[in-house]
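Chemist:
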Amino acid sequence: MPIITEEFNCSRRTKISETTTRRCLLNWGLKGRVAAKKPLLRRQNIAKRLAFGKEHVHWSNDQWANVLFSDESKFEIFGSKRRLFIRRFDGERYQKYCLQPTVKHGGGSVMVWGAISVKGAVPLKRIEGIMDMKVFNVPHHTR
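This note's numbering puts the first residue of the sequence shown at 1470, with every later residue one more than the last.
1) State the start and end residues of the unbroken alpha helix (DSSP H) segment that holds P1592.
2) DSSP beta-bridge partners for A1584?
3) Inspect the beta-carbon positions of V1591 and F1544 and report whether they are closer than 8 Å.
4) Should A1534 go down as buried or exposed, given a rule of 16 or more other Cβ atoms within 10 Å for buried?
5) How about V1581 and N1530: are their beta carbons less than 8 Å apart?
6) Quick check: what's the CA-CA separation for E1416 versus C1567?
7) Relative to the alpha-carbon of T1489, which residue among C1479, R1482, P1471 has its alpha-carbon at the smallest distance?
8) Within this structure, are the beta carbons of G1583 and D1540 separated by less than 8 Å?
9) With C-beta atoms as the reference, is Q1564 less than 8 Å away from L1553?
Dropping the structure here:
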């Protein structure tokens, strides 16, 4: 917010405050939010994905039946590295409904692996330790 206010004020005799800037942005429908996260794709990855799509756009259902898409994800058991924005009145800072619980040294995490094909989804599997070939024991109905 200070950058917008400073840029506006640098060429004007009458200055505006950051509060005025916030109020104007809110009136225009621009609300403060935490940015959504999205995997960063390099140009090389984008090009590879586009090439894959172009190569396989005309595949038949029988051909796609031989494909298994898989991925893994890590989930935090407790807490979040995301900032939580709330609205509260003066004096409510430590009210229970205004707090975001935390734990010291994090709460651990769980890594899971899953896959899908035209025949269905593979149930999520918890990954303990290093992910190796044993993890890829996929049920026959999804192959």
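Glycine included, C-beta positions come from ideal geometry on N, C-alpha and C.
Modeler: Considering the structure as presented:
1) Locating residue 1592 in the sequence shown gives position 123, counting from the first residue. Unbroken run through P1592 is the beta strand (DSSP E), 1589-1596; no alpha helix (DSSP H).
2) Sequence index remark: in the sequence shown, residue 1584 carries index 115 (1-based). Note: A1584 sits in a beta bridge opposite S1539, V1591.
3) Along the sequence shown, read from residue 1 onward, the residue named residue 1591 stands at position 122. Along the sequence shown, read from residue 1 onward, the residue named residue 1544 stands at position 75. The beta carbons of V1591 and F1544 sit no closer together than 8 Å.
4) Here residue 1534 corresponds to residue number 65 of the sequence shown, with the count starting at 1. That one is exposed.
5) Counting from 1 along the sequence shown, the entry for residue 1581 is found at position 112. Counting from 1 along the sequence shown, the entry for residue 1530 is found at position 61. Contact check for V1581 against N1530 fails: the beta carbons are separated by 8 Å or more.
6) The requested residue 1416 is not part of the displayed model; the chain covers only 1470 to 1612.
7) Counting from one through the sequence shown, the residue named residue 1489 turns up at place 20. Of the listed residues, the one whose Cα sits closest to T1489 is P1471.
8) Here residue 1583 is taken as the residue at index 114 of the sequence shown, counted from 1. Here residue 1540 is taken as the residue at index 71 of the sequence shown, counted from 1. Using a Cβ distance threshold of 8 Å, G1583 and D1540 count as a contacting pair.
9) Here residue 1564 corresponds to residue number 95 of the sequence shown, with the count starting at 1. Here residue 1553 corresponds to residue number 84 of the sequence shown, with the count starting at 1. 8 Å or more divides the Cβ of Q1564 from the Cβ of L1553.
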